[in-house]
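Student: Can you read through this structure? Questions will come right after.
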Amino acid sequence: MLGPTPGPVKARWTASCKALAACVQSRTLNFLGSTCLTQLHPGLPAHAAMPANTSSYKALGEQDYRRNTMSYAVIVTGGKQYKVAPGEYLKIEKLEIATGESVTFDRVLLVANGDDVNIGAPVVAGATVVAEVISQGRHDKVRIIKFRRRKHHMKRMGHRQWYTEIKITGIQA
Numbered sequence: 091m092l093g094p095t096p097g098p099v100k101a102r103w104t105a106s107c108k109a110l111a112a113c114v115q116s117r118t119l120n121f122l123g124s125t126c127l128t129q130l131h132p133g134l135p136a137h138a139a140m141p142a143n144t145s146s147y148k149a150l151g152e153q154d155y156r157r158n159t160m161s162y163a164v165i166v167t168g169g170k171q172y173k174v175a176p177g178e179y180l181k182i183e184k185l186e187i188a189t190g191e192s193v194t195f196d197r198v199l200l201v202a203n204g205d206d207v208n209i210g211a212p213v214v215a216g217a218t219v220v221a222e223v224i225s226q227g228r229h230d231k232v233r234i235i236k237f238r239r240r241k242h243h244m245k246r247m248g249h250r251q252w253y254t255e256i257k258i259t260g261i262q263a
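Right under this line is the structure:
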């Protein structure tokens, strides 16, 4: 709309701006004020990324529901740490294991099942994570260019890192 807005509309938005300021001061403001604005103006749609009722796991989606209620663990492989949960797919540094075989990770730093959290010092005794090897492959090429200014010298290189894709099948604590 171009030009000034009619009086009643302007007054309504002024009232909502005051209410929005009250929401900010009372710290009840949700993502970008979507909850406050939808309560003040029922015609406005709620923000798609943040449901109005965040206490309901179904509103967050099945993936978040699964992550918030099931067990997970932190493992070490290939010099990196990964947070894993049963059923997840993961690309890790290459392991010399054939496709379809099972692999067991015994360097488990943390195991959590709901509210029960077991932290190792440095590893959790007796805890293992079992996974199935899905595939072996290489990541996309990373290009490296080195050059020297004013010398008409350039060196181009590329690198593709090998990986092993696994599916986490179970966590035993």
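Residue 91 is where the sequence shown starts when you use this note's numbering, and the numbers rise one by one after that. For each residue, glycine too, the CB sits at the ideal point set by N, CA and C. Because the structure is a prediction, the values reported are computed rather than measured.
1) Which of the three DSSP states, helix, strand or coil, is assigned to A217?
2) Per DSSP, what are the beta-bridge partners of S161 in this structure?
3) In the DSSP assignment, what are the bridge partners of T194?
4) Ends of the beta strand (DSSP E) at H243?
5) Measuring only the C-alpha atoms, how far is K173 from A217?
6) Just tell me which of V201, D230, L200 has its CA closest to the CA of Q251.
7) With which residues is A188 paired in a DSSP beta bridge?
8) Using 8 Å as the threshold, is the C-beta distance between L180 and I261 below it?
9) Measure the Cβ-Cβ separation of T287 and L185 and say whether it is below 8 Å.
10) Cutting at 6 Å between CB atoms, please list the residues of its own chain near V166, excluding the five before and the five after it.
11) Please state whether DSSP places K236 in a helix, a strand or coil.
12) Starting from A202, follow its DSSP beta bridges and name the residues at the other end.
13) Quick one: what's got a C-beta closer than 8 Å to G248's C-beta in the same chain, skipping five residues either side?
14) Since E183 is in the beta strand (DSSP E), which residue starts that stretch and which ends it?
Tutor: For this structure:
1) Mapped onto the sequence shown, residue 217 falls at position 127. Correct three-state label for A217: coil.
2) For the purposes of this step, residue 161 is taken as the residue at position 71 of the sequence shown. Per DSSP, S161 has no beta bridge partner at all.
3) Counting from 1 along the sequence shown, the entry for residue 194 is found at position 104. According to DSSP, which records beta bridges pairwise, T194 is partnered with V220.
4) Position 153 of the sequence shown, counted from the first residue, corresponds to residue 243. Run containing H243: 243-249, per the beta strand (DSSP E) assignment.
5) Working through the sequence shown from its first residue, we reach residue 173 at position 83. Working through the sequence shown from its first residue, we reach residue 217 at position 127. The straight-line gap from Cα to Cα measures roughly 14 Å.
6) Translated into positions along the sequence shown, residue 251 becomes position 161. Of the candidates V201, D230, L200, the one whose C-alpha sits nearest the C-alpha of Q251 is D230.
7) Sequence index remark: in the sequence shown, residue 188 carries index 98 (1-based). Beta bridge pairing from DSSP links A188 with no other residue.
8) Taking the sequence shown and counting its residues from 1, one reaches residue 180 at position 90. Taking the sequence shown and counting its residues from 1, one reaches residue 261 at position 171. One thing to note: L180 has its Cβ no nearer than 8 Å to the Cβ of I261.
9) For residue 287 there is no data in the structure shown, the boundaries of the chain being 91 and 263.
10) Within the sequence shown, the letter at position 76 stands for residue 166. Correct list, in chain order: R197.
11) If you number the sequence shown from 1, residue 236 lands on position 146. The DSSP-derived three-state label of K236 is strand.
12) Counted from its first residue, the sequence shown places residue 202 at position 112. Paired residues: Y162, V207.
13) Within the sequence shown, numbered from 1, the residue matching residue 248 stands at position 158. Counting only Cβ-Cβ distances below 8 Å, and skipping sequence neighbours, we find K231, V232, R233, I234.
14) As a position in the sequence shown, residue 183 is number 93, starting the count at 1. Here the beta strand (DSSP E) through E183 covers 179-183.
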